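Novice:
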Amino acid sequence: MTRLNEYRTKDIYLASFISLSGKLLRLERESDFYWFVFENKIMCEEIVSNYWQGESKVEARAFVNAIKGLKTRVFSGDN
């Protein structure tokens, strides 16, 4: 997988949303924040577009669990 085909975001809520459909490759630490790096940039851009336009429906519990999971990874250092 080339970096050109990766999607990166610092927004944990957006990353949580993407993780419901996309594959999280890794977390990259930069100073005092993390980048969430996903595969398949084109698919992620479509997910993000739907997110900001309010066109996606997800199960609330799955979204909350995704947020908790990413927070656990960030704060546990399991990257």
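Just so it is clear: in the sequence shown, position 26 is 58 by this note's numbering, and no numbers are missing. Cβ coordinates follow ideal geometry from the N, Cα and C atoms, glycine included. This one's a predicted model, so the numbers in the text were calculated from it and none came from an experiment.
For the putative contact between G54 and E77, defined by C-beta atoms under 8 angstroms, what is the C-beta separation to the nearest angstrom?
Specialist: No, G54 and E77 are not in contact; Cβ-Cβ is about 10 angstroms, not under 8 angstroms.
Novice: List the residues that DSSP assigns as beta-bridge partners of F107.
Specialist: Bridge partners of F107: none, in fact.
Novice: Please report how far the alpha carbon of K89 lies from the alpha carbon of F65, in whole angstroms.
Specialist: If you take the alpha carbons of K89 and F65, they lie about 28 angstroms apart.
Novice: For E62 and I50, I'd like the C-alpha separation in whole angstroms.
Specialist: The straight-line gap from Cα to Cα measures roughly 20 angstroms.
Novice: Going by DSSP in three states, E87 sits in which element: helix, strand or coil?
Specialist: Three-state DSSP puts E87 in coil, outside helix and strand.
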